[in-house]
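Student:
2 protein chains.
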Amino acid sequence: MSWEQQYNLISDDFFKGRIYALAKMITLVENNPDSAWKIIETLKKNTLRDAPTVGFTGSPGAGKSTLVSAYVSMMAAKNQKIGVIAVDPSSPFTMGAFLGDRIRMRDISESENVYIRSVASRGSVGGLCDAIYDIVDVMKAFGFDKIIIETVGAGQSEIEIVYVADTVLLVMSPDSGDEIQMFKAGIMEIADGYVVNKIDLPQANAFSVKLRNTLALENDVKSKRKVFEVSASKNIGVEELEKWIDEFYSDMSSSGEIFKRHERRLKRRVRSNLMRVMDDIISSQEVGKNSLREFKSLIVKKYIQEEACDD
Amino acid sequence: MSWEQQYNLISDDFFKGRIYALAKMITLVENNPDSAWKIIETLKKNTLRDAPTVGFTGSPGAGKSTLVSAYVSMMAAKNQKIGVIAVDPSSPFTMGAFLGDRIRMRDISESENVYIRSVASRGSVGGLCDAIYDIVDVMKAFGFDKIIIETVGAGQSEIEIVYVADTVLLVMSPDSGDEIQMFKAGIMEIADGYVVNKIDLPQANAFSVKLRNTLALENDVKSKRKVFEVSASKNIGVEELEKWIDEFYSDMSSSGEIFKRHERRLKRRVRSNLMRVMDDIISSQEVGKNSLREFKSLIVKKYIQEEACDD
Chain L
1 MSWEQQYNLI
11 SDDFFKGRIY
21 ALAKMITLVE
31 NNPDSAWKII
41 ETLKKNTLRD
51 APTVGFTGSP
61 GAGKSTLVSA
71 YVSMMAAKNQ
81 KIGVIAVDPS
91 SPFTMGAFLG
101 DRIRMRDISE
111 SENVYIRSVA
121 SRGSVGGLCD
131 AIYDIVDVMK
141 AFGFDKIIIE
151 TVGAGQSEIE
161 IVYVADTVLL
171 VMSPDSGDEI
181 QMFKAGIMEI
191 ADGYVVNKID
201 LPQANAFSVK
211 LRNTLALEND
221 VKSKRKVFEV
231 SASKNIGVEE
241 LEKWIDEFYS
251 DMSSSGEIFK
261 RHERRLKRRV
271 RSNLMRVMDD
281 IISSQEVGKN
291 SLREFKSLIV
301 KKYIQEEACD
311 D
Chain D
1 MSWEQQYNLI
11 SDDFFKGRIY
21 ALAKMITLVE
31 NNPDSAWKII
41 ETLKKNTLRD
51 APTVGFTGSP
61 GAGKSTLVSA
71 YVSMMAAKNQ
81 KIGVIAVDPS
91 SPFTMGAFLG
101 DRIRMRDISE
111 SENVYIRSVA
121 SRGSVGGLCD
131 AIYDIVDVMK
141 AFGFDKIIIE
151 TVGAGQSEIE
161 IVYVADTVLL
171 VMSPDSGDEI
181 QMFKAGIMEI
191 ADGYVVNKID
201 LPQANAFSVK
211 LRNTLALEND
221 VKSKRKVFEV
231 SASKNIGVEE
241 LEKWIDEFYS
251 DMSSSGEIFK
261 RHERRLKRRV
271 RSNLMRVMDD
281 IISSQEVGKN
291 SLREFKSLIV
301 KKYIQEEACD
311 D
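For the protein sequence lines, the chains are L and D, in the order given. Letter by letter, the first sequence follows residues 1 to 311 of my numbering. Letter by letter, the second sequence follows residues 1 to 311 of my numbering.
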């Protein structure tokens, strides 16, 4: 069955808000990477409004899933409809902890207003699967009020999430080795807000102070970024966080920042798509006796042929 | 002055082994990224032999620079000529520690047989500057017996080094938070050998045991990878490491593995080059009202024009 046929079978129920049709639509997009953008263009014609996308990232053990649960429960209780995308890490080492997280998320997954989708990041160059961009668009078309992305922060995905989410929160915990992470290149720079979770731990205050000092050492823009002291499991500080996220989004909307971020995201997606085509060609060709320049010419020639065939 | 003119001015002295001409040749390649491959092709006509490339990576504080110093001193004392490429991290947070490393490297930098070049990784997508590939080729043409690359392991560069170096060593230390790193996705998988440095520390044995157990949990190929217990500052275990690196390289040569790695590297360089051109185009174009597919078509069209102009 072509994607058009499958699409037609589910689109009515999809726009009526039936969850089974949402799940099928996401699968359709995941299974047809080459047609995904055509499906999304079709969906977009019926998309009523843009939904804010919020990304939560941080080290394993920082309590991201607990925080996302608390935050999402709060919104669901106000009858907001929330889509959650949980990105699985590829490493078998962290798989165990992650399954634990999924169990902690059970309470929100039993709410009528919440839909959770797990996505494997396996095999993706950027750490986050390209399909996440597409899934966000499907969720927007479905009419969610907000879309939440949770990534187990392992390397590149922390950086990549900036491009997927409108707002990025870095979740840290005083007991998970984050003192080291804190100084790692690239990680501090990406967040709009910092959440110090498990604020009831004895070492939490010292951790917070250190974080604020570290941020103050940086340039003006960054030091203005917000630090939240939270205990997700005890529901301390989550409401303040929720309020700030909404305010931050409307500030971005009025300042035009959100437009810049959308533009950056679209460029990123196109780049990612072009690279995928290029990578397929590169891996299928033998280098042989070609020099760097000769092999490059070969790839470019093949690439031009490929793109010419794509309508 | 064109690159040809500059090249002609220094090439005689370069092939006579004059260090000033090597430094100038590297700068020439760095300053002319668009002509770098042409310069390298010209150099290659006079390159007598391939030199093994050994990469050392690992977290800040693991003692990489001390280890590289000890290893390189050992080879220099046997009258081998060694080129060292030290990759600076981009983050201002780690800059301080890095300057300290450079000072520790002073003893080898005063040897006649050693040439050290620092390279900034700033601005590079992959974490390691593309120019490093080119610099390695220039060093090979110069006639070094071995080329050493040291990267301060910060994220992506740990993965990238696999493509630049023939042999990759992951340097760890029991006192630098590496217990956490150990389980991080992607980092364990890249190394051919693991060096537990500062083996004289009290916690070193427990760390070694844990590392060996972690490796044993993985599949057969990985568990065969070598673990070295070393104290770089006390010169313990460095000679064994040196011997193994040479044996490993000659094993790779006879098994054909080295050919595979060279092929992979060439593909990587071509990919990186193509992406750079593509990124320049993407960042210079406005998205405007274009959809994903329309913007992609725009980029591909520009790209094809660009490549057509390149001889």
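The C-beta atom is built at its ideal place from N, Cα and C for all residues, glycine as well.
So, using beta-carbon positions, are THR53(D) and ILE190(D) closer together than 8 Å?
Tutor: Looking up residue 53(D) in the second sequence gives position 53. Looking up residue 190(D) in the second sequence gives position 190. Result no, Cβ atoms of THR53(D) and ILE190(D) do not sit closer than 8 Å.
Student: With DSSP as the reference, identify every bridge partner of GLU229(D), one or two as the case may be.
Tutor: What you label residue 229(D) is simply residue 229 of the second sequence in a count that begins at 1. According to DSSP, which records beta bridges pairwise, GLU229(D) is partnered with VAL196(D).
Student: I'd like to know whether the C-beta atoms of VAL138(D) and MET25(D) end up nearer to each other than 8 Å.
Tutor: One-based indexing of the second sequence puts residue 138(D) at position 138. One-based indexing of the second sequence puts residue 25(D) at position 25. Yes, they are a contact pair.
Student: Give the single residue among ILE149(D), TYR249(D), LYS226(D), GLN203(D) whose Cα lies nearest to the Cα of LEU67(D).
Tutor: Looking up residue 67(D) in the second sequence gives position 67. Ranking ILE149(D), TYR249(D), LYS226(D), GLN203(D) by Cα distance to LEU67(D) puts ILE149(D) first.
Student: Inspect the CB distances between the stretch 34-44 of chain D and the stretch 69-78 of chain D and report whether three or more fall short of 8 Å.
Tutor: These segments do not touch.
Student: Assign MET1(L) to one of two classes, buried (16 or more other C-beta atoms within 10 Å of its C-beta) or exposed (fewer than that).
Tutor: Along the first sequence, one-based indexing puts residue 1(L) at 1. That one is exposed.
Student: Is LYS201(L) helix, strand or coil by DSSP?
Tutor: Residue 201(L) sits at position 201 when you count from the first residue of the first sequence. Correcting the residue identity first, residue 201(L) is Leu in this sequence and not Lys. Three-state result, LEU201(L): coil.
Student: Select from ARG265(L), SER231(L), TYR20(L), LYS302(L) the residue whose C-alpha is nearest the C-alpha of VAL195(L).
Tutor: Along the first sequence, read from residue 1 onward, the residue named residue 195(L) stands at position 195. Distances from the CA of VAL195(L) to each of ARG265(L), SER231(L), TYR20(L), LYS302(L) were compared; the closest alpha carbon is that of SER231(L).
Student: Does ASP251(D) pass the burial test, meaning 16 or more other C-beta atoms within 10 Å, or should it be called exposed?
Tutor: The residue labelled residue 251(D) in the question sits at position 251 within the second sequence. That one is exposed.
Student: Using the Cα positions of GLY17(D) and TYR133(D), report the straight-line distance between them to the nearest angstrom.
Tutor: For the purposes of this step, residue 17(D) is taken as residue 17 along the second sequence, with counting starting at 1. For the purposes of this step, residue 133(D) is taken as residue 133 along the second sequence, with counting starting at 1. Going by the C-alpha atoms only, they are around 20 Å apart.
Student: Is it the case that the CB of LEU28(L) approaches a heavy atom of the ligand FAD more closely than 7 Å?
Tutor: The ligand FAD is absent from the structure shown, which contains no ligands of any kind.
Student: The alpha helix (DSSP H) that contains ASN81(D), what's its start and end?
Tutor: On the second sequence, position 81 is the one that residue 81(D) refers to. With the sequence shown as reference, residue 81(D) is identified as Lys, and Asn is not the correct amino acid for it. Looking at the DSSP string, LYS81(D) is not in any alpha helix (DSSP H), and its letter there is neither H nor E.
Student: If you measure between the beta carbons of LEU274(D) and ARG269(L), is that distance less than 8 Å?
Tutor: Stepping through the second sequence from its first residue, residue 274(D) is reached at position 274. Stepping through the first sequence from its first residue, residue 269(L) is reached at position 269. Against a cut-off of 8 Å, the Cβ pair of ARG269(L) and LEU274(D) comes out as no contact.
Student: Note down, in chain order, each residue of its chain lying with its Cβ closer than 8 Å to the Cβ of GLN203(D), except the 5 sequence neighbours on either side.
Tutor: Numbered from its first residue, the second sequence carries residue 203(D) at position 203. Answer for GLN203(D): PRO174, ASP175, listed in chain order.
Student: What is the residue span of the beta strand (DSSP E) that GLU112(D) lies within?
Tutor: Translated into positions along the second sequence, residue 112(D) becomes position 112. For GLU112(D), there is no enclosing beta strand (DSSP E), as DSSP marks it with neither H nor E.
Student: Indicate whether ALA62(D) and VAL171(D) have their beta-carbon atoms separated by less than 8 Å.
Tutor: Here the question's residue 62(D) lines up with position 62 in the second sequence. Here the question's residue 171(D) lines up with position 171 in the second sequence. Cβ atoms of ALA62(D) and VAL171(D): closer than 8 Å.
Student: Kindly list, in the order they appear in chain L, the residues whose Cβ is closer than 9 Å to that of ARG271(D).
Tutor: Taking the first residue of the second sequence as 1, we reach residue 271(D) at position 271. Per Cβ cutoff of 9 Å: MET275, MET278, ASP279, ILE282, ILE299.
Student: Classify LYS289(L) as helix, strand or coil using the three-state DSSP reduction.
Tutor: Here residue 289(L) refers to the residue found at position 289 of the first sequence. Coil.
Student: Taking MET278(D) and ARG264(L) to be in contact with their CB atoms under 8 Å, please state how far apart those CB atoms are, rounded to whole angstroms.
Tutor: The residue you call residue 278(D) lines up with position 278 of the second sequence. The residue you call residue 264(L) lines up with position 264 of the first sequence. So it is not a contact: roughly 16 Å between Cβ atoms.
Student: Per DSSP, what are the beta-bridge partners of THR47(D) in this structure?
Tutor: Within the second sequence, residue 47(D) is the residue found at index 47, counting from 1. Its beta-bridge partners do not exist; DSSP assigns none.
Student: So, does the CB of VAL125(L) fall closer than 8 Å to a CB anywhere in chain D?
Tutor: By 1-based counting over the first sequence, the position of residue 125(L) is 125. Its pLDDT being 43, under 50, VAL125(L) is placed unreliably by the model, and the measurement read from it follows with that caveat. No, because no Cβ of chain D sits closer than 8 Å to the Cβ of VAL125(L).
Student: Taking C-beta pairs closer than 9 Å, name the residues in chain L that ILE147(D) reaches, listed in chain order.
Tutor: Taking the first residue of the second sequence as position 1, residue 147(D) is located at position 147. The contacting residues do not exist; ILE147(D) stays about 18 Å from chain L at best.
Student: What is the residue span of the beta strand (DSSP E) that ILE148(L) lies within?
Tutor: The residue given as residue 148(L) occupies position 148 in the first sequence. From DSSP, the beta strand (DSSP E) with ILE148(L) extends over 146-151.
Student: According to DSSP, which residues form a beta bridge with THR15(D)?
Tutor: Residue numbering aside, residue 15(D) sits at position 15 when the second sequence is read from its first letter. Position check: residue 15(D) holds Phe in this sequence, whereas Thr was assumed. According to DSSP, which records beta bridges pairwise, PHE15(D) is partnered with nothing at all.
Student: Kindly indicate if chain D contains any beta-carbon less than 8 Å away from that of SER291(L).
Tutor: One-based indexing of the first sequence puts residue 291(L) at position 291. It does; some Cβ of chain D falls within 8 Å.
Student: What does VAL54(D) pair with, by DSSP beta-bridge criteria?
Tutor: Walking along the second sequence from the start, residue 54(D) turns up at place 54. ILE148(D), THR167(D), per the DSSP bridge assignment.
Student: Since ILE82(D) and PHE144(D) are thought to touch, with beta carbons under 8 Å apart, how far apart are those beta carbons, to the nearest angstrom?
Tutor: Mapped onto the second sequence, residue 82(D) falls at position 82. Mapped onto the second sequence, residue 144(D) falls at position 144. Yes, ILE82(D) and PHE144(D) are in contact; Cβ-Cβ is about 6 Å, under 8 Å.
Student: If the cut is a Cβ gap below 9 Å, which residues of chain D does TRP37(L) touch?
Tutor: For this step, residue 37(L) is matched to residue 37 along the first sequence. Under the 9 Å cutoff, chain D gives SER291, LEU292, ARG293, LYS296.
Student: Quick one: what's got a C-beta closer than 7 Å to ARG212(D)'s C-beta in the same chain, skipping five residues either side?
Tutor: Stepping through the second sequence from its first residue, residue 212(D) is reached at position 212. If we look at ARG212(D) and ignore the five residues flanking it on each side, its Cβ neighbours are VAL227.
Student: Starting from the C-beta of PHE295(D), find all residues in its chain whose C-beta is less than 7 Å away, skip the five residues before and the five after it, and write them out in chain order.
Tutor: Residue mapping note: residue 295(D) aligns to position 295 of the second sequence, counting from 1. Cβ neighbours of PHE295(D) beyond the five flanking positions: VAL287.
Student: Between the Cα of ILE281(D) and the Cα atoms of ASP13(D), ARG225(D), TYR303(D), SER253(D), which residue gives the shortest distance?
Tutor: In the second sequence, the residue the question calls residue 281(D) occupies position 281. Comparing Cα positions, the closest option is TYR303(D).
Student: Tell me where the alpha helix (DSSP H) around ASN273(D) begins and ends.
Tutor: Here residue 273(D) is taken as the residue at index 273 of the second sequence, counted from 1. Run containing ASN273(D): 257-284, per the alpha helix (DSSP H) assignment.
Student: Is ALA131(L) near GLY55(L), with beta carbons less than 8 Å apart?
Tutor: By one-based count along the first sequence, residue 131(L) stands at place 131. By one-based count along the first sequence, residue 55(L) stands at place 55. No, the pair does not count as a contact, with Cβ atoms beyond the cut-off.
Student: For MET1(L), name the three-state secondary structure that DSSP assigns.
Tutor: Counting from 1 along the first sequence, the entry for residue 1(L) is found at position 1. Here MET1(L) sits in coil by DSSP.
Student: Which of the three DSSP states is assigned to ALA36(L) in this structure?
Tutor: Position 36 of the first sequence holds residue 36(L). Helix, per DSSP.
Student: Closer than 8 Å by C-beta to ILE258(D): which residues in its own chain qualify, once you throw out the five before and the five after it? Chain order, please.
Tutor: By one-based count along the second sequence, residue 258(D) stands at place 258. Answer for ILE258(D): ASP166, TYR249, MET252, listed in chain order.
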